[in-house]
Structure formats: structure tokens, C-alpha cells
Amino acid sequence: MVGRSLNVDNDTFQSCEDNEEVLGPEVPYLSAIGALMYLTSCTRPDISFAVNLLARRTTISWRSQKQTLVATSSNHAEVIALHEASRECVWLRYMTQLILTSCGLENDRNPTLIYEDNSACVSQMKK
């Protein structure tokens with residue numbers, strides 16, 4: 002097994018060469034990262050380290066999948082999606098708390114805000 006170290010003092014985001022191309026404004030950064038993540042998970046696992054460096058400070062968790070429950074209305078579908086997002090949020094909060102506690106760091110006790118844009122779903126949740 003060969004072990005190599007990474008010099009973390011260098012800026013990993015700077016251009017390596019003067020003639021290196023920079024991603025233009027016509028391609029949104031997050032869309033490019035998403036495309037690279039797809040390649041990493043489906044076809045090119047060898048680029049996962051580089052994609053990880055590029056994807057830092059972006060979304061912690063994201064997922065797109067077919068809903069397993071049959072929703073009878075768009076409001077019902079929104080409630081199901083909100084429930085799934087809340088479950089994921091609780092899990093992420095617990096995992097963050099566990100990591101912070103094990104490192105001896107102070108834990109953030111502020112509530113997590115979840116935004117919903119469906120007015121029927123919001124009024125139903127307020128009841």
C-alpha cells in the first residue's frame with residue numbers, strides 16, 4: 002500500500018497553470034458539481050476525491066427519488082415530502098450533535114428552519 006500526503010497549505014481551488022480554463026458564468030457551479038457527483042457515483046469513482054474538494058461548503062444532503070406512497074393530491078404529496086425532509090433533518094442534527102460532543106465542541110441549540118412554499122401544507126401544519 003502506498004501512502005501519500007496532501008499539502009493542505011496550498012489553495013486547492015487556485016488554477017494549477019496559467020492557461021487553465023475557468024468555468025464560465027454560462028454553467029451554474031452547483032449544476033456542474035451535481036453532474037460530477039453523478040459521474041462519481043455511477044461511472045467514474047476515480048474522480049471522487051477531486052469532486053469532494055470542489056463540493057465542499059455546498060449542500061450536506063440531497064436526494065431525488067420516486068415517492069413510495071401514493072398521494073391523493075398535491076397537498077398530500079407536499080406533506081409527505083415535508084415529513085421526509087423533517088426526518089432527514091432530525092437525523093442530521095443528531096449526527097452533528099454526536100460529532101460535536103465527541104470532539105468536545107459546543108453544541109448549537111438553535112432550531113432548524115424548514116421552508117415550505119405550499120400554502121395549503123403550511124396552513125395544515127399550523128393546525
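To convert a position in the sequence shown, counted from 1, into the numbering used here, add 1. Don't be surprised by glycine CBs; every beta carbon is placed ideally from N, CA and C.
Proximity to residue i [Cα-Cα], best of the options
| i | options | result |
| --- | --- | --- |
| residue 42 | 26, 94, 64 | 64 |
| residue 112 | 98, 106, 61, 33 | 98 |
| residue 119 | 89, 83, 22, 68 | 83 |
| residue 31 | 70, 56, 90, 128 | 56 |
| residue 48 | 103, 60, 59, 34 | 34 |
| residue 91 | 125, 104, 110 | 110 |
| residue 70 | 54, 85, 89 | 85 |
Exposure of residue i, with buried meaning 16 or more beta-carbon neighbours within 10 Å
| i | result |
| --- | --- |
| residue 79 | buried |
| residue 122 | buried |
Own chain partners of residue i with C-beta closer than 8 angstroms, once the 5 adjacent residues on each side are dropped
| i | result |
| --- | --- |
| residue 94 | 113 |
| residue 68 | 78, 81, 82 |
8 angstroms contact criterion, which residue i and residue j should meet: CB distance rounded
| i | j | result |
| --- | --- | --- |
| residue 115 | residue 87 | 6 angstroms |
Span of the alpha helix (DSSP H) around residue i
| i | result |
| --- | --- |
| residue 125 | 120 to 127 |
| residue 42 | 30 to 43 |
| residue 79 | 75 to 104 |
| residue 55 | 49 to 55 |
Same chain, Cβ closer than 6 angstroms to residue i, neighbours up to 5 away in sequence not counted
| i | result |
| --- | --- |
| residue 28 | none |
| residue 37 | 52 |
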